[in-house]
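Reviewing the structure listed below.
Protein chains: 2
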Amino acid sequence: MAGIGIVGAGIAGLHLGLQLRQHDVPVTIYSDRTAEQLAGGRLPNSVAHHHTTVARERLLGIDHWDAEEYFYFGHHHYIGLPDPLSFPGFFTAPSRALDYRIYLPRILGDFTDRGGDFQVRPVDPADVAELSDRHDLVVVASGRGSLSAMFPRRADKSPYDSPQRKLCVGLYEGIAHSEPRGVTMSISPGNGELLEIPIFSFAGHVTALLFENIPGGDTEVLAEARYDDDPAAFEKLVLEKTRQHHPRTFERIDPAKFRLTGPQDLLQGGVLPSVREDYTRLPNGKYVVALGDAHTVVDPVVGQGANCASYSAWELGRTILEDQTFDERFCRKVALRRENVVHATADWTNLMVRVPPAPHLLQLLGAMSANQAVADTFTDNFSHPDRQWDILASPERVRKFLAGHGMAD
Amino acid sequence: MAGIGIVGAGIAGLHLGLQLRQHDVPVTIYSDRTAEQLAGGRLPNSVAHHHTTVARERLLGIDHWDAEEYFYFGHHHYIGLPDPLSFPGFFTAPSRALDYRIYLPRILGDFTDRGGDFQVRPVDPADVAELSDRHDLVVVASGRGSLSAMFPRRADKSPYDSPQRKLCVGLYEGIAHSEPRGVTMSISPGNGELLEIPIFSFAGHVTALLFENIPGGDTEVLAEARYDDDPAAFEKLVLEKTRQHHPRTFERIDPAKFRLTGPQDLLQGGVLPSVREDYTRLPNGKYVVALGDAHTVVDPVVGQGANCASYSAWELGRTILEDQTFDERFCRKVALRRENVVHATADWTNLMVRVPPAPHLLQLLGAMSANQAVADTFTDNFSHPDRQWDILASPERVRKFLAGHGMAD
Numbered sequence: 283m284a285g286i287g288i289v290g291a292g293i294a295g296l297h298l299g300l301q302l303r304q305h306d307v308p309v310t311i312y313s314d315r316t317a318e319q320l321a322g323g324r325l326p327n328s329v330a331h332h333h334t335t336v337a338r339e340r341l342l343g344i345d346h347w348d349a350e351e352y353f354y355f356g357h358h359h360y361i362g363l364p365d366p367l368s369f370p371g372f373f374t375a376p377s378r379a380l381d382y383r384i385y386l387p388r389i390l391g392d393f394t395d396r397g398g399d400f401q402v403r404p405v406d407p408a409d410v411a412e413l414s415d416r417h418d419l420v421v422v423a424s425g426r427g428s429l430s431a432m433f434p435r436r437a438d439k440s441p442y443d444s445p446q447r448k449l450c451v452g453l454y455e456g457i458a459h460s461e462p463r464g465v466t467m468s469i470s471p472g473n474g475e476l477l478e479i480p481i482f483s484f485a486g487h488v489t490a491l492l493f494e495n496i497p498g499g500d501t502e503v504l505a506e507a508r509y510d511d512d513p514a515a516f517e518k519l520v521l522e523k524t525r526q527h528h529p530r531t532f533e534r535i536d537p538a539k540f541r542l543t544g545p546q547d548l549l550q551g552g553v554l555p556s557v558r559e560d561y562t563r564l565p566n567g568k569y570v571v572a573l574g575d576a577h578t579v580v581d582p583v584v585g586q587g588a589n590c591a592s593y594s595a596w597e598l599g600r601t602i603l604e605d606q607t608f609d610e611r612f613c614r615k616v617a618l619r620r621e622n623v624v625h626a627t628a629d630w631t632n633l634m635v636r637v638p639p640a641p642h643l644l645q646l647l648g649a650m651s652a653n654q655a656v657a658d659t660f661t662d663n664f665s666h667p668d669r670q671w672d673i674l675a676s677p678e679r680v681r682k683f684l685a686g687h688g689m690a691d
Numbered sequence: 283m284a285g286i287g288i289v290g291a292g293i294a295g296l297h298l299g300l301q302l303r304q305h306d307v308p309v310t311i312y313s314d315r316t317a318e319q320l321a322g323g324r325l326p327n328s329v330a331h332h333h334t335t336v337a338r339e340r341l342l343g344i345d346h347w348d349a350e351e352y353f354y355f356g357h358h359h360y361i362g363l364p365d366p367l368s369f370p371g372f373f374t375a376p377s378r379a380l381d382y383r384i385y386l387p388r389i390l391g392d393f394t395d396r397g398g399d400f401q402v403r404p405v406d407p408a409d410v411a412e413l414s415d416r417h418d419l420v421v422v423a424s425g426r427g428s429l430s431a432m433f434p435r436r437a438d439k440s441p442y443d444s445p446q447r448k449l450c451v452g453l454y455e456g457i458a459h460s461e462p463r464g465v466t467m468s469i470s471p472g473n474g475e476l477l478e479i480p481i482f483s484f485a486g487h488v489t490a491l492l493f494e495n496i497p498g499g500d501t502e503v504l505a506e507a508r509y510d511d512d513p514a515a516f517e518k519l520v521l522e523k524t525r526q527h528h529p530r531t532f533e534r535i536d537p538a539k540f541r542l543t544g545p546q547d548l549l550q551g552g553v554l555p556s557v558r559e560d561y562t563r564l565p566n567g568k569y570v571v572a573l574g575d576a577h578t579v580v581d582p583v584v585g586q587g588a589n590c591a592s593y594s595a596w597e598l599g600r601t602i603l604e605d606q607t608f609d610e611r612f613c614r615k616v617a618l619r620r621e622n623v624v625h626a627t628a629d630w631t632n633l634m635v636r637v638p639p640a641p642h643l644l645q646l647l648g649a650m651s652a653n654q655a656v657a658d659t660f661t662d663n664f665s666h667p668d669r670q671w672d673i674l675a676s677p678e679r680v681r682k683f684l685a686g687h688g689m690a691d
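Protein sequence lines correspond, in order, to chains A and B. Under our numbering, residues 283 to 691 are what the first sequence spells out, in order. Under our numbering, residues 283 to 691 are what the second sequence spells out, in order.
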């Protein structure tokens with residue numbers, strides 16, 4: 283076969299390419315950045331891979347970070363109510379967070395070592411038609427605007443018309459990790475969330491602070507303050523907002539050592555949550571499949587985007603290995619296979635950023651604080667967003683789930 | 283839980299009920315016929331269970347017909363072209379055909395022995411609303427017109443507006459079975475198909491002759507001739523049409539012994555192929571799931587209806603066992619799980635009855651006559667309609683499949 287062309291060298295494109303190379307399928311990945319550029323530049327995100335993703339990495343033979351030091355074991359929750367709630371939840375198998383400037387170049391090396399073709403060139407929608415003549419199938423796995431726009435946004439699955447959080451994520455030194463090592467998910471009602479994530483970066487084991495700021499809330503300033511204008515003032519502002527809103531993290535900070543690990547290790551902005559159509563038909567009659575951010579973009583508040591992209595890549599890869607006729611039947615099979623997990627990921631994440639929070643979400647969080655099994659199920663379901671949505675899709679579902687844990691209304 | 287209510291005691295309702303009883307889910311099956319009525323009356327069909335269905339029967343603990351005598355091992359094809367084609371195809375595991383007047387009462391007995399509740403009462407759409415208040419979920423697994431009509435017919439998946447074959451199926455003595463024992467699929471171009479099926483009925487191991495008659499063709503008369511007016515004349519007509527069109531079957535008939543096994547062992551009519559919506563929402567807000575003939579009706583030409591109903595029941599049962607909140611999310615999960623197999627069953631069957639036949643179908647049949655592996659794959663795919671449709675959905679797919687067997691255009 284003339285093989286598969288993949289536009290985008292993020293986790294979606296690379297996991298798909300690596301899976302196909304295991305079965306000797308010819309694959310070309312197109313990227314607008316070189317491996318060196320992927321390794322440099324600004325912090326792209328603060329992604330954790332949950333255990334279902336880690337399991338796929340093992341199957342792909344790219345589990346290079348399997349030592350205990352890279353993993354964390356659960357979530358420490360803090361909800362800043364007048365009477366604060368503070369409780370942990372544990373995974374059935376650990377997660378890990380790696381700086382994608384380390385991760386992506388390493389697995390891109392695996393891809394090329396294994397016979398994958400990597401081509402650096404910009405690709406816009408007009409180029410996709412040309413690539414479709416050259417390959418049996420083209421997969422668009424890049425969230426860049428003009429490429430995403432090839433796949434219509436689904437209004438029924440995209441409830442917001444603007445980003446719901448203003449984001450500020452940076453890598454910091456001077457924060458002792460929680461015990462047992464975990465992500466701290468801290469909620470400041472009306473202001474937003476802080477995700478404190480143990481992450482491996484160029485400076486070693488450091489801490490990502492991902493502030494998810496509600497527009498108009500007290501921490502919104504973090505998304506707009508300019509580090510480069512006055513690094514010390516910026517770090518002082520982060521420290522102060524952490525002290526005011528997120529005491530479980532603040533109590534582990536040594537202010538004397540607290541600093542951003544580098545001027546590039548900061549990302550500010552926001553994402554518009556979108557679910558798009560699974561595929562499109564080009565004027566030449568060929569079909570193009572959307573993957574990763576080209577298909578679904580979620581707010582990072584529950585760390586699902588990369589995991590969902592990896593899952594979706596895996597299901598697409600399985601379908602390619604079973605069926606090499608890339609017509610609408612093929613595309614429909616891909617859509618059927620991934621819909622439950624991908625849409626559940628979007629629906630759950632969209633619920634988590636709703637302002638004000640849904641009463642049934644608050645009910646579940648309250649129950650988690652009182653029942654370890656409930657907290658652990660919610661926590662482990664970061665690996666199973668479809669099961670999470672089975673619990674959270676409606677007030678009735680939360681009631682039934684809690685009743686199953688002996689917690690009647 | 284208040285349990286599951288199932289309307290209909292055919293294979294769909296009973297397989298679902300038996301699966302749920304294995305997990306102690308309360309189940310009530312509603313039928314307009316008693317067990318005795320199911321065991322009597324007119325021949326309802328001439329169904330074969332293919333090996334994926336037999337495997338489910340094993341899992342359900344209802345594999346009461348596991349002796350070699352009940353099974354058959356493949357298909358004997360005959361295509362009455364000027365230069366006739368005649369060739370076999372073999373399964374990877376055998377199929378079996380049982381008279382449903384034996385099969386359904388026996389597994390209904392299993393259902394009630396295992397704590398299932400069986401209630402004899404007519405149910406119309408107005409009653410479904412009442413039943414929905416009594417049960418956690420109501421499943422409609424009956425193809426009776428007013429019940430099916432609760433689920434809109436999908437025009438995109440229902441290409442015909444009338445039955446494509448006029449059917450005449452009866453049970454006969456006086457036909458030696460083929461060697462190795464199999465179904466003979468005989469095609470008389472322009473007139474239709476004969477399916478000759480070894481089947482176990484009240485008279486023991488007999489033969490079903492299912493004539494699939496194209497309207498206007500030479501055998502159409504079989505669907506209209508009245509056995510009761512003159513049994514000998516009817517049998518003589520069947521014999522004569524078999525002699526004229528289906529020599530592979532005729533050569534094994536002993537005319538002196540050839541007879542219908544009983545006046546009730548004959549069914550004439552036709553079916554309108556229909557794919558319907560997966561579920562509907564009642565005015566009280568509860569959802570009702572369509573199963574079996576209420577969801578999808580296919581012409582019997584490739585023996586898929588009952589197998590598809592059993593498959594669909596199994597997927598619905600799995601979903602019920604995983605998730606007991608019967609809202610739209612639940613229904614959507616069921617729809618996603620079964621769509622590929624159920625729609626492939628309908629699409630494949632609709633292709634098989636198209637007049638004139640599609641060139642790519644003829645191309646595949648020709649290739650089967652020349653290549654045993656191609657014939658065996660097509661034959662075994664009676665257990666895998668989704669894989670069959672992967673081969674047959676388009677001319678391009680047939681070409682690719684044949685190229686994979688070294689048969690270029």
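Think of the CB as a built atom: it goes at the ideal place given N, C-alpha and C, for glycine as much as any other residue.
Beta-carbon of Asn776 (chain A) versus every beta-carbon of chain B: anything under 8 Å?
-> In this structure chain A extends from 283 to 691, so residue 776 (chain A) is not present and cannot be described.
Mind listing the chain B neighbours of Arg611 (chain A)? Cutoff is C-beta to C-beta under 7 Å, in chain order.
-> Residues of chain B passing the Cβ test: Ala675.
Residues of the region 656 to 682 of chain B with a CB closer than 7 Å to any CB of chain C: list them in chain order, please.
-> Note that chain C does not occur in the displayed structure, where the protein chains are A and B.
State the beta-bridge partners of Lys448 (chain A) as determined by DSSP.
-> Answer is A:Asn495, bridged to Lys448 (chain A).
Shorter than 8 Å from the beta carbon of Thr562 (chain A) to some beta carbon of chain B?
-> Closer than 8 Å: no.
Short-range partners of chain A found in the region 640 to 654 of chain B, where Cβ spacing is below 8 Å = Of all residues in the region 640 to 654 of chain B, none has a C-beta nearer than 8 Å to a C-beta of chain A.
Enclosing beta strand (DSSP E) for Glu478 (chain B) [first to last residue] = Where Glu478 (chain B) is concerned, the enclosing beta strand (DSSP E) stretches over 474 to 483.
Hey, Phe493 (chain B) and Leu476 (chain B) are a contact pair by Cβ (cut 8 Å); roughly how many whole angstroms apart?
-> About 6 Å separates the two Cβ atoms, so the contact holds.
Can a CB atom of chain A be found closer than 8 Å to the CB of Asp246 (chain B)?
-> Outside the shown range of chain B, which is 283 to 691, sits residue 246 (chain B), and nothing can be said about it.
Starting from the beta carbon of Lys615 (chain A), find every residue of chain B whose beta carbon is closer than 7 Å, and list them in chain order.
-> Simply Asn622.
Indicate the three-state DSSP secondary structure (helix, strand or coil) for Met689 (chain B) in the structure shown.
-> Three-state result, Met689 (chain B): coil.
How about Leu302 (chain A): is its C-beta nearer than 8 Å to some C-beta of chain B?
-> Output row for Leu302 (chain A): interface = no.
Would you check if there are 3 or more beta carbon pairs closer than 8 Å linking the region 422 to 438 of chain B to the region 404 to 412 of chain B?
-> Taking 8 Å as the limit for Cβ pairs, the verdict is that the region 404 to 412 of chain B does touch the region 422 to 438 of chain B.
Mind reading off the beta-carbon distance from Ser460 (chain B) to His527 (chain B)? Whole number of angstroms is fine, and I expect it under 8 Å.
-> Actually they do not touch by this definition, with Cβ atoms about 17 Å apart.
Considering Arg378 (chain B), what are the terminal residues of the beta strand (DSSP E) in which it resides?
-> Segment 367 to 379, the beta strand (DSSP E) holding Arg378 (chain B).
DSSP bridge partner residues for Leu542 (chain A) (one or two, in chain order) | Answer is A:Tyr454, bridged to Leu542 (chain A).
Starting from Leu618 (chain A), find everything on chain B with Cβ-Cβ shorter than 7 Å and list it in chain order.
-> Neighbourhood of Leu618 (chain A) in chain B, by CB distance below 7 Å: Leu618, Glu621, Asn622, in chain order.
Quick one: residues in its chain with C-beta nearer than 6 Å to the C-beta of Gly464 (chain A), no 5 flanking neighbours on either side, listed in chain order?
-> Tyr354, Phe355, Gly356, His357, His358, listed in sequence order.
Starting from the C-beta of Leu646 (chain A), find all residues in its chain whose C-beta is less than 6 Å away, skip the five residues before and the five after it, and write them out in chain order.
-> Within the same chain, Val680 come within 6 Å of Leu646 (chain A) by CB-CB distance, once the 5 residues on both sides are set aside.
Just grab the DSSP bridge partners of Leu419 (chain B) for me.
-> Leu419 (chain B) pairs with B:Ile286.
DSSP on Phe400 (chain B), reduced to helix/strand/coil?
-> Phe400 (chain B) falls in the strand class under three-state DSSP.
Report the option in B:Gly287, B:Ala657, B:Thr631 whose CA atom is closest to the CA atom of Glu412 (chain B).
-> Of all alpha-carbon atoms in B:Gly287, B:Ala657, B:Thr631, the one lying nearest the alpha-carbon of Glu412 (chain B) is that of B:Gly287.
By how many angstroms is the C-alpha of Pro366 (chain A) removed from the C-alpha of Ser651 (chain A)?
-> Roughly 10 Å separates the two Cα atoms.
Going by the beta-carbon positions, is the gap between Ser313 (chain A) and Val402 (chain A) smaller than 8 Å?
-> Contact annotation: Ser313 (chain A) and Val402 (chain A) have beta-carbon atoms nearer than 8 Å.
Using the Cα positions of Leu296 (chain A) and His346 (chain A), report the straight-line distance between them to the nearest angstrom.
-> Leu296 (chain A) and His346 (chain A) have their C-alpha atoms roughly 15 Å apart.
If you drop the 5 nearest sequence neighbours on each side, which residues of the same chain put their C-beta closer than 6 Å to that of Thr562 (chain B)?
-> Once the five neighbours on either side are set aside, the close Cβ partners of Thr562 (chain B) are Met432, Phe433, Val570.
What separation, rounded to the nearest whole angstrom, lies between the Cα atoms of Val263 (chain A) and Ser483 (chain B)?
-> Absent from the structure is residue 263 (chain A), since the part of chain A shown begins at 283 and ends at 691.
Going along the chain, which residues of its own chain have a beta-carbon closer than 6 Å to the beta-carbon of Phe516 (chain A), five neighbours each way excluded?
-> Ala507, Tyr509.
So which of B:Phe664, B:Val309, B:Ala649, B:Val451 has the shortest CA-CA distance to Thr631 (chain B)?
-> The residue with the shortest Cα to Cα distance from Thr631 (chain B) is B:Phe664.
Helix, strand or coil for Ala385 (chain A) per DSSP?
-> Sequence check: residue 385 (chain A) is Tyr here, not Ala. In the structure shown, Tyr385 (chain A) sits in a helix (DSSP, three-state: H, G or I).
Is there contact here, the region 533 to 549 of chain B with the region 594 to 609 of chain B, by at least three beta-carbon pairs under 8 Å?
-> Result no; under three Cβ-Cβ pairs closer than 8 Å.
Identify the residues that DSSP records as bridge partners of Thr661 (chain A): which are they?
-> Beta-bridge analysis with DSSP links Thr661 (chain A) to no other residue.
For Ala625 (chain B), the nearest candidate out of B:Pro555, B:Asn653, B:Glu350, B:Pro370 (CA to CA) | Inspection of the sequence shows that residue 625 (chain B) is occupied by His rather than by Ala. The option with the nearest alpha carbon to His625 (chain B) is B:Pro555.
Continuous alpha helix (DSSP H) stretch holding Ile673 (chain A): start and end = According to the DSSP assignment, Ile673 (chain A) belongs to the alpha helix (DSSP H) that extends over 667 to 674.
Starting from Thr466 (chain B) and walking both ways along the alpha helix (DSSP H), at which residues does that stretch end?
-> Boundaries around Thr466 (chain B) are those of the beta strand (DSSP E), 465 to 470, since no alpha helix (DSSP H) includes it.
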